[in-house]
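Student: Attaching a single structure in C-alpha cells format; questions to follow.
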Amino acid sequence: MKHEILVYNKTKRRVPEKLIKLIVSEALKFLKLKQPAELAVLIVGEKEIRKLNKIWRKKNYTPDELSFGLNSRKSSVFAKGNINVISLGEIVISSEKIRDKKYLITILIHSLLHLLGYDHERSIVKAKKMEHLEEKILNNLEKV
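In our numbering, the protein residues as written are 104 to 247.
See the structure below:
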C-alpha cells in the first residue's frame with residue numbers, strides 16, 4: 104500500500120526526508136491501516152512553531168511538534184479528498200528540537216498517533232494507552 108507523505112522543509116537545516124517518509128510508512132504499516140493515507144510533515148524554525156502554538160493552542164511556548172489532524176477516532180467519517188485515500192493532516196516539527204535521529208523518530212510517531220486521534224491530555228488512561236502504543240511502534244521500528 105502506497106502512502107503519500109510530503110515533507111516540506113522551511114528552514115536552512117538539512118532534514119532527513121527519506122528517513123521521515125520511511126518512519127511514517129513503517130508506523131502506518133505496523134498500525135495496519137486498511138487504505139492509503141496522505142499527510143504532510145512541515146519542518147519550521149523555533150519562532151514559527153511558537154507562533155503556531157500561540158495561534159492555534161493559545162500557549163506561549165515552543166513545542167517540539169504540533170499535529171493538525173483532519174480526523175477523529177470518535178467519528179467513523181474520515182476527511183477525504185480521494186475516496187480511496189485517508190487524509191490525516193499535518194505534522195509540524197521544530198527543526199531546533201530535532202536533537203538526533205532517535206528523538207526525531209519518537210516525535211514523528213507521537214505526532215502520527217495524534218493525527219490518528221490518540222490523545223494524552225484528556226485522561227491518564229488514554230495517555231498510558233498512547234504511550235504503550237508509541238513504545239510498541241518504536242520497538243518494531245528497531246527491526247527496520
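For glycine and all other residues, C-beta sits at the position ideal for the given N, C-alpha and C.
Does the segment 127-135 come close enough to the segment 210-223 that 3 or more CB-CB pairs lie under 8 Å?
Tutor: These segments touch.
Student: Would you please state the rounded distance, in angstroms, between the beta carbons of Ile108 and Val144? I believe it to be under 8 Å.
Tutor: That pair is a contact at about 7 Å.
Student: Leaving aside the five residues before and after Pro139 along the sequence, list all residues of the same chain whose C-beta is less than 8 Å from its C-beta, in chain order.
Tutor: The answer, listed in chain order, is Met104, Lys105, His106, Glu107, Asn187, Val188 and Ile189.
Student: So the alpha helix (DSSP H) Ser190 belongs to, where does it begin and stop?
Tutor: Careful: Ser190 lies outside any alpha helix (DSSP H), inside the beta strand (DSSP E) at Ile189 to Ser197.
Student: Buried or exposed: Ser226, going by 16 or more other Cβ atoms within 10 Å of its Cβ?
Tutor: Looking at its Cβ environment, which holds fewer than 16 other Cβ atoms inside 10 Å, Ser226 is exposed.
Student: Quick check: the Cα distance between Ile158 and Ile196, rounded to an integer number of angstroms?
Tutor: Taking the straight line joining both Cα atoms gives about 16 Å.
Student: Taking its Cβ as the centre, do 16 or more other Cβ atoms sit within 10 Å of Glu168, making it buried, or is it exposed?
Tutor: Answer is buried; the Cβ neighbour count reaches 16.
Student: Assign Val228 to buried or exposed, taking buried as 16 or more other Cβ atoms, counted over all protein chains shown, within 10 Å of its Cβ.
Tutor: Burial call: exposed.
Student: DSSP puts Asn112 in a beta bridge; with which residues?
Tutor: Partner(s): Ile146.
Student: Compare the beta carbon distance of Lys200 and Glu149 with 9 Å and say whether it is the shorter of the two.
Tutor: In this structure, Glu149 lies closer than 9 Å to Lys200 by Cβ.
Student: Straight-line CA distance for Lys154 to Asn163?
Tutor: Those two C-alpha atoms are separated by around 8 Å.
Student: Give a yes or no on whether the C-beta atoms belonging to Ser170 and Arg116 are separated by under 9 Å.
Tutor: Their beta carbons are not under 9 Å apart, which means Ser170 does not touch Arg116 by this criterion.
Student: When DSSP labels each residue in this structure, what does Glu129 get in the three-state scheme?
Tutor: Three-state result, Glu129: helix.
Student: Our contact map puts Pro166 next to Ile146 with C-beta atoms below 8 Å; I'd like the distance itself, whole angstroms only.
Tutor: Going by Cβ atoms, the distance from Pro166 to Ile146 rounds to 14 Å, so no, they are not a contact pair.
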